[in-house]
Structures are given as C-alpha cells and as structure tokens.
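Protein chains in written order, with our numbering: chain A, 4 to 85; chain B, 4 to 85.
This is the structure in structure tokens:
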C-alpha cells in the first residue's frame with residue numbers, strides 16, 4: 004500500500020524524560036556505549052492510489068501544522084513508500 | 004552524532020485509536036485521499052563513536068525485547084545514521 008511516512012522528534016534542547024528513562028534502563032542492563040535515547044513519533048499516512056508530488060507537498064504541511072507541535076517538536080523526515 | 008534509529012509500529016491487526024482520530028480529523032479538513040493513519044514510535048539510540056555491526060545486532064535485540072511490545076507492536080526498521 005502506498006504511504007507517506009512522517010517522522011517527528013522532540014527538539015534537541017528539550018528534555019525527553021521517557022527517552023532518559025530508557026537510556027538509564029539500557030545502562031543498567033550493560034549497554035553503556037549508548038550515550039543518549041530520544042523517543043519520537045513515526046506516523047504513516049496511507050493512500051489507495053499512487054502518491055503524487057502534490058500529496059508530498061500536502062503531507063509536509065500536514066506534518067508541520069497538524070502532526071507535530073512546532074514549539075517542542077521537529078519534523079525530521081517525510082518519505083514515500085510506494 | 005552516530006545513531007541507530009529503531010522504528011516501531013502497532014501491528015496491522017491492532018486498532019490504533021489515536022491514528023483513527025487523526026485520520027478522522029484529516030478527513031474533516033478535506034484530506035479525503037488519505038485512507039488510513041497509523042501512529043508508531045521512532046527511537047534514536049545515540050553513540051559517541053562509530054557504530055559497528057555488533058552494535059546493530061545488539062540494537063535489533065534491544066528493539067525486539069525492550070523498545071517494543073511484541074504482542075501488539077512490530078519493529079519495522081533498524082537503520083544507522085553515522
């Protein structure tokens with residue numbers, strides 16, 4: 004199924020308590036080479052037809068205005084899987 | 004910064020109420036060509052050195068046993084960004 008994948012991450016300056024907890028847990032279980040963990044979102048937009056350039060442009064707008072909160076999050080990728 | 008990116012999505016059979024809500028909202032705002040929305044997680048594991056094949060193998064294990072709940076979620080990708 005054709006889909007557009009939007010990836011959203013918390014801004015670098017922002018604390019990510021869930022990511023920090025996972026990082027601590029990984030350290031406790033011996034994964035000391037992992038120096039940080041950040042948890043964001045991966046959102047799939049499904050289509051039942053081929054995805055056009057217009058869809059991708061629209062997806063960028065949806066990603067910035069609707070799927071992410073620009074105060075605390077960045078859209079890091081918008082990719083197509085046909 | 005070198006990082007391993009783990010992507011986790013709810014299993015296909017599983018309801019995703021948040022995704023459904025976003026889908027409904029997109030339909031209300033005119034995006035009727037989007038036939039479905041699924042919301043998953045994007046987890047970054049940061050390293051302060053080059054990532055090795057052993058790290059990637061370990062990240063697969065961490066992804067399956069720790070970052071996802073295999074009853075309700077699938078690990079859809081483990082990728083490296085050096």
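Built from N, CA and C at the ideal position, the CB exists for glycine as well.
- The Cβ of residue 76 of chain A sits no closer than 8 Å to any Cβ of chain B.
- At least one CB of chain A lies nearer than 8 Å to the CB of residue 41 of chain B.
- What residue 44 of chain B touches in chain A, judged by beta-carbon distance under 9 Å, is 42, 43, 44 and 45, going in chain order.
- Beyond the five residues adjoining it in sequence on each side, residue 22 of chain A comes within less than 6 Å, by CB distance, of 40, 41 and 42 in the same chain, given in chain order.
- If the five residues before and after residue 66 of chain B are omitted, its C-beta is found closer than 6 Å to the C-beta atoms of 9, 78 and 81, all from its own chain and listed in chain order.
- The beta-carbon separation of residue 37 of chain A and residue 26 of chain A, rounded to 7 Å, stays under the 8 Å limit for a contact.
- Here the C-alpha atom of residue 55 of chain B lies approximately 32 Å from the C-alpha atom of residue 75 of chain A.
- Around residue 29 of chain A, the beta-carbon contacts reaching into chain B at under 9 Å are 48, 65 and 69.
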